[in-house]
Each structure stands twice: as structure tokens, then as C-alpha cells.
Amino acid sequence: MKCPVFLASLLLFAFTTTPVAGQFTAEIDIEEAPFLYSETAGENRVTRLLNRLKNKEIELQYTRERGYLESLLAALEIPASSQTLVFSKTSMQVRYISRRNPRAVYFNDDTYLAWVNGSSLVGISTADPLLGAAFYTVDMAPWRAKVERQNYDCLACHATSLTQGMPGHTVRSVMPAYDGSLDPQLESFITSDTSPLSQRWGGWYVTGIHGDMQHMGNAFIRGGQLDTNGTGNRMNLRDEFDTSNYLSPYSDITALMVLEHQTQMHNAMSRANFFTRQIRYDADTLDVGQVDEAEMQVQLGMIAKEVVDRMLFRDEAKLTAHIRGSVVFAEDFQSRGPHDSQGRSLRDFDLRTRLFQYPCSYLIYSDAFTTLEPSLKAEIVRQIKAVLAGDHPSTGHDHLSATDRANVLGILSETHPDFTADTAE
1 MKCPVFLASL
11 LLFAFTTTPV
21 AGQFTAEIDI
31 EEAPFLYSET
41 AGENRVTRLL
51 NRLKNKEIEL
61 QYTRERGYLE
71 SLLAALEIPA
81 SSQTLVFSKT
91 SMQVRYISRR
101 NPRAVYFNDD
111 TYLAWVNGSS
121 LVGISTADPL
131 LGAAFYTVDM
141 APWRAKVERQ
151 NYDCLACHAT
161 SLTQGMPGHT
171 VRSVMPAYDG
181 SLDPQLESFI
191 TSDTSPLSQR
201 WGGWYVTGIH
211 GDMQHMGNAF
221 IRGGQLDTNG
231 TGNRMNLRDE
241 FDTSNYLSPY
251 SDITALMVLE
261 HQTQMHNAMS
271 RANFFTRQIR
281 YDADTLDVGQ
291 VDEAEMQVQL
301 GMIAKEVVDR
311 MLFRDEAKLT
321 AHIRGSVVFA
331 EDFQSRGPHD
341 SQGRSLRDFD
351 LRTRLFQYPC
361 SYLIYSDAFT
371 TLEPSLKAEI
381 VRQIKAVLAG
391 DHPSTGHDHL
401 SATDRANVLG
411 ILSETHPDFT
421 ADTAE
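Shown next, in the form of C-alpha cells:
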């Protein structure tokens with residue numbers, strides 16, 4: 001079975017060693033030791049659900065309208081308010097997808113689920129401490145939900161240079177025709193929090209207010225150009241298709257911005273973890289006298305810096321107008337905390353000049369971060385502390401004001417175990 005759901009707009013990639021300028025590179029083969037990707041059992045939110053289903057601790061409920069969608073979201077603790085919608089034909093389920101029947105993507109801090117109305121298959125990808133990203137399909141037959149992990153087919157189908165050889169997640173912006181089809185010769189973009197809005201969300205529906213900032217969403221090619229006339233600042237999508245088939249009439253702009261930050265943050269942590277594990281494994285195969293510990297520490301510092309830069313929103317694209325999206329998504333997202341004694345959280349939105357009020361990724365609390373290789377995590381924490389303390393002003397984080405640094409450090413010192421220890425001392 002081929003991986004059916006994630007492609008192009010929410011892509012899951014693997015198997016390339018093409019270097020990216022400024023990034024640490026190493027030779028990685030995820031099917032060789034120490035990774036053995038296809039042979040390694042997953043340990044993640046989906047495998048925990050599978051165990052609960054096997055032990056009959058939970059039963060998924062089927063509906064005629066949407067199969068197991070609502071039940072899966074509840075079991076995986078994914079809020080319906082996270083819904084984003086893709087109308088470009090960038091999935092293997094192209095026969096189901098159109099402007100009138102977009103693909104829905106839902107997510108929480110570690111798991112992404114994609115559903116297409118009319119299809120019996122749901123695609124799920126999730127962060128995993130050993131696999132980086134693990135991929136699953138759910139066959140939504142009325143008599144049972146069959147959940148299967150996908151390895152070779154899914155990864156081979158999505159092989160690309162975009163995640164530098166590691167299984168990962170990517171939000172892509174394309175230039176679709178009216179029917180959602182693509183011309184591969186036309187320009188497309190990989191979207192992150194560093195992308196200007198003018199290059200984001202091609203092939204996606206976008207709801208929410210963004211002032212005079214332009215984006216590629218809600219638009220299609222007309223006369224050889226992407227026609228964005230009148231496509232911005234949409235409050236809902238009821239005039240585009242029957243939104244009653246979906247859990248929400250929105251494809252929320254704030255959720256999209258969180259999604260594109262989160263996918264790249266997951267990729268950065270996974271990539272760093274794979275590289276660190278490879279370096280440690282290679283060192284273990286050498287005689288004691290052959291291991292250059294100083295050089296290994298330099299490499300570790302380079303690997304960690306990529307994560308730190310992403311986590312502290314270095315090079316984040318500036319907003320020039322106030323973003324106003326779904327109140328429901330914002331409340332669902334921000335309520336998860338944690339909050340410090342002043343009620344502050346790394347999940348608090350700014351949405352006027354940048355995504356978050358306090359520029360440090362909330363994924364610092366995630367399992368993806370806490371399960372990083374110990375020496376890598378320790379180096380990341382050390383570098384973050386140094387940046388927040390202002391010890392090394394030449395590290396390229398001058399986007400952080402003294403107030404930003406103090407606020408982030410204050411929140412972490414009360415809410416994160418790797419930082420609260422310093423306060424106790």
C-alpha cells in the first residue's frame with residue numbers, strides 16, 4: 001500500500017544526503033545501523049493508541065459522514081480547531097481532491113492527520129524519538145479501523161532533498177490550476193516561519209484577517225499567473241464549497257502559521273538527533289585513541305546551533321499587519337500551557353509583528369525535545385541559556401531584545417526542568 005495522503009502540501013520525506021548551505025552535514029543511511037528505520041518499532045502517540053485498541057481499552061466510533069475521523073482525533077488528542085484545508089492535487093488521492101472537496105489536515109504538538117472526504121484512507125504522521133517521523137494509514141472500513149505503519153512505500157514515494165535524508169514533515173506552497181492540478185515547471189516554496197507571507201499557502205485555503213499583507217492562498221493560475229485578486233482576508237469558506245462536510249468552516253491562518261513553524265522545528269530536532277546518533281555510533285567503532293573528543297564537541301555544537309536558531313525564531317519573517325484568526329484555535333492552543341506564575345506561556349500569540357509573544361518554541365516541552373540524545377539536548381540547553389543570558393552576542397540572535405531574553409528565561413525558569421534547576425541553585 002502506498003502512502004496516500006501527505007504529498008506536496010504536507011509532505012513526508014526521506015532518504016537524501018544533499019547538503020544545505022550553512023548546515024552541518026554527515027553521511028546518513030536510515031536503513032543502516034544505528035538507525036535501522038524499517039526494523040525499529042515505533043514508540044509514539046499512534047503506537048500508544050494501537051496498544052489501547054489491542055487491549056480493548058478504547059473503541060473507535062464510525063460515522064457514515066466522516067468514517068472514524070472524529071473518533072481518531074479524540075483518541076489522538078488532536079483538536080478539530082486545528083483544521084487547515086488543501087485544494088491542490090498534491091496527494092495520491094488526487095481523484096478525490098478539488099476546490100469543492102479539499103483535503104483536511106489536523107495536528108497537535110506531535111501528530112499530523114490528513115483526511116479526504118470520500119476516501120476510505122486516513123494518513124497519519126507523528127514524531128518518534130528513534131524514527132524521527134513515523135507514518136501510518138488508517139483503512140476506515142465500517143466494520144473496523146485498520147491502522148498500519150508505512151515504511152518503504154511511503155518513504156520511497158516521498159524521497160526528496162527537502163529534509164536532508166531524514167523522515168520529516170514539510171508544508172509546501174504551490175501554484176495550482178483552477179482544478180487543483182499542478183504544472184511541475186512552475187515555482188513552488190517550502191514554507192517555514194522564515195518565509196515571507198507572499199510565498200505562503202499556495203494551494204491552501206486560508207481564512208482570517210491579515211490586513212494588506214499578501215499571500216498565495218485561495219488562488220489559482222489564470223492567464224499564466226497566480227490570480228490573488230480578492231482572495232485575501234476571508235472570514236470563512238462557505239461560498240467555496242459545502243463546509244458542512246467538515247468539522248469547521250475555516251482553514252485558519254493562525255493554525256497554518258503554527259503548522260509551518262512546528263513541521264520545521266520537528267525536522268530540525270530529528271535531523272540533529274540522527275546526526276548525533278551517527279557521530280556517536282561512528283566513534284564507538286573506533287579504538288579509544290582514535291576518538292577526537294574535542295572535534296566531536298565542535299560537531300555537536302554545530303548540530304545543536306541549528307536547533308537553537310530554529311527554536312529561538314532566528315530569521316523569522318516580520319509581520320507588517322495584525323493577524324486575526326480563529327478564536328477557538330487560539331484558545332485551544334494557548335490553554336495547553338504551561339504557564340508561569342505571571343500567567344505567561346510560550347504559546348502566547350503576538351500576531352502583530354511576529355507569531356509568538358515570547359520567541360522560544362513551545363516544542364521545547366515536547367517529547368521530541370526531551371527524548372533527544374542526552375549530549376545533544378544538554379548542548380542545546382547550554383546554548384539557549386547562553387543566548388538568553390546575553391553571554392555571546394555574536395551568535396546571531398540580535399533579533400531578541402533584552403526584554404525578550406528576560407521574558408523567555410523567566411518563563412523557562414519556572415516551567416522547564418532543564419532551566420528550573422538553575423533557579424533552585
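The UniProt record's numbering numbers the first residue of the sequence shown as 1 and each following residue consecutively. Where a beta carbon is used, it is the ideal one built from N, C-alpha and C, also for glycine.
- Separation of residue 312 and residue 397 (C-alpha to C-alpha, rounded to the nearest whole angstrom) is 8 Å.
- The count of Cβ pairs closer than 8 Å, one atom from the region 76-92 and one from the region 104-117, reaches three, so the stretches are in contact.
- DSSP lists 104, 122 as the beta-bridge partner residues of residue 115.
- The DSSP assignment places complete alpha helix (DSSP H) segments of no fewer than 4 residues inside the UniProt domain "Cytochrome c" (127-251) at 152-157, in order along the chain.
- Per DSSP, the continuous alpha helix (DSSP H) segment holding residue 46 begins and ends at 45-54.
- Secondary structure at residue 336: coil, using DSSP grouped into helix, strand and coil.
- When C-beta atoms of the region 188-201 are compared with those of the region 59-77, fewer than three pairs fall below 8 Å, so the two segments do not count as touching.
- Around the C-beta of residue 210, 16 or more other C-beta atoms lie within 10 Å, and the residue is accordingly described as buried.
- Cβ atoms of residue 325 and residue 224 stay farther apart than 8 Å, at about 31 Å.
- Within a 10 Å sphere around the beta-carbon of residue 204 sit 16 or more other beta-carbons, which makes this residue buried.
- Rounded to the nearest angstrom, the gap between the Cα atoms of residue 147 and residue 139 is 7 Å.
- One thing to note: residue 202 has its Cβ within 7 Å of the Cβ of residue 216.
- One thing to note: residue 126 has its Cβ within 7 Å of the Cβ of residue 45.
- Taking C-beta atoms under 8 Å as the contact rule, residue 355 and residue 269 fail to qualify, at a distance of about 18 Å.
- Measuring C-alpha to C-alpha distances from residue 247 to each of 80, 50, 57, 39 identifies 80 as the nearest.
- Closest by C-alpha distance to residue 351, out of 75, 119, 255, is 255.
- Put simply, the region 288-297 does not touch the region 329-338. Fewer than three CB pairs are less than 8 Å apart.
- For residue 86, the uninterrupted beta strand (DSSP E) run begins and ends at 84-86, by DSSP.
- As a beta-bridge residue in DSSP terms, residue 349 pairs with 356.
- In this structure, the CA atom of residue 275 is about 23 Å from the CA atom of residue 150.
- Take the alpha-carbon of residue 165 and the one of residue 124: they are about 20 Å apart.
- Per DSSP, the beta bridge partners of residue 324 are 209.
- Contact between residue 341 and residue 414 holds, with the beta-carbon distance rounding to 6 Å and staying under 8 Å.
- Residue environment for residue 322: exposed (fewer than 16 other C-beta atoms within 10 angstroms of its C-beta).
- If the five residues before and after residue 265 are omitted, its C-beta is found closer than 8 Å to the C-beta atoms of 310, 311, 361, 363, all from its own chain and listed in chain order.
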